[in-house]
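Engineer:
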Amino acid sequence: MRRYKPDTALVEREFAESLEVNRRSAAVLAVPISEAAALMLESLSAGGKILSCGNGGSAADAQHFASELLNRFETERASLPAIALTTDSSTLTSIANDRSYEEIFSRQVSGLGRPGDVLLAISTSGASPNVTNAVRAAQQAGMRVVALTGRDGGAVSRTLGEADVELRAPHKRTARIQEIHLLAIHCLCRLLDDAYGAGGPT
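Numbering follows the numbering used here, with no gaps: position 120 of the sequence shown is 115.
This is the structure we're talking about:
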């Protein structure tokens, strides 16, 4: 067995690339993240809720976001209504089996979404058919959409309407896109915490 020699230079390059992507993202995403938080706050203040979806690592991000809203992020506050559409294995597999995998989120959006609600749609490529279909279902239900995307935004970006908000990570590598998505999610949580932490939005 060949003796393993740690490649510290590779690790340093990864950190350097990540730092550069974070710097670029701060410049292009600060305004749309603030707009997305305002959109969510408007919905929550009117009695709406936030649905979230994504595949793979993006499914984990969808669940992470919902859990931070239902519990709290960094500030003690009231629980906020959020549902991750990625957690119910019975629902996901029944829709995939009886209909198609491309409908696993859109079918749930059609049943759970109401006018004024918000969908957080997450796709690193922007090309996920089931996420794109969820965006369409949300629009048909009178919901607004916040989309976390990457690369060129893909079909998800092209499906968004004027009232929706896209947060597109300015990179092509999935790892870097996922890192920016998580940071954007934490920014959204922080902004919502700030709005509700002092007793509610004003």
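For glycine and all other residues, C-beta sits at the position ideal for the given N, C-alpha and C.
Say yes only if the C-beta of Ile172 is nearer than 6 Å to one or more non-hydrogen atoms of the ligand HEM, and no if none qualify.
Structural biologist: Judged by which ligands are present, the structure shown has none, so any question about the ligand HEM falls away.
Engineer: Let's test the definition: count the other Cβ atoms within 10 Å of the Cβ of Asn50 and tell me whether it reaches 16, buried, or not, exposed.
Structural biologist: By 1-based counting over the sequence shown, the position of residue 50 is 55. Buried: at least 16 other Cβ atoms inside 10 Å.
Engineer: Quick one, are the C-beta atoms of Val126 and Ser118 less than 7 Å apart?
Structural biologist: Here residue 126 refers to the residue found at position 131 of the sequence shown. Here residue 118 refers to the residue found at position 123 of the sequence shown. Yes; because the gap between Cβ atoms is below 7 Å, this pair is in contact.
Engineer: From the DSSP output, read off the bridge partner residues of Glu161.
Structural biologist: Here residue 161 refers to the residue found at position 166 of the sequence shown. In the DSSP output, where bridge partners are listed per residue, Glu161 has Ala142.
Engineer: Report the CB separation of Leu114 from Ala31 in whole angstroms; it is logged as a contact under 8 Å.
Structural biologist: Along the sequence shown, one-based indexing puts residue 114 at 119. Along the sequence shown, one-based indexing puts residue 31 at 36. Contact flag wrong, Cβ pair sits at about 11 Å.
Engineer: Is Leu155 helix, strand or coil by DSSP?
Structural biologist: Position 160 of the sequence shown holds residue 155. Three-state DSSP puts Leu155 in coil, outside helix and strand.
Engineer: Can you give me the C-alpha to C-alpha distance between Gly156 and Tyr(-1), rounded to a whole angstrom?
Structural biologist: Along the sequence shown, read from residue 1 onward, the residue named residue 156 stands at position 161. Along the sequence shown, read from residue 1 onward, the residue named residue -1 stands at position 4. Straight-line Cα distance between these residues: approximately 51 Å.
Engineer: Within the same chain, show all residues whose beta-carbon is closer than 6 Å to that of Gln103, passing over the 5 residues directly before and after it, in chain order.
Structural biologist: For this step, residue 103 is matched to residue 108 along the sequence shown. Around Gln103: Leu80.
Engineer: Which of the three DSSP states, helix, strand or coil, is assigned to Leu80?
Structural biologist: As a working mapping, residue 80 is identified with position 85 in the sequence shown. The answer is coil: DSSP assigns Leu80 none of H, G, I, E or B.
Engineer: On the three-pair Cβ rule with 8 Å, is the stretch 22 to 38 touching the stretch 89 to 105?
Structural biologist: The stretch 22 to 38 is not in contact with the stretch 89 to 105.
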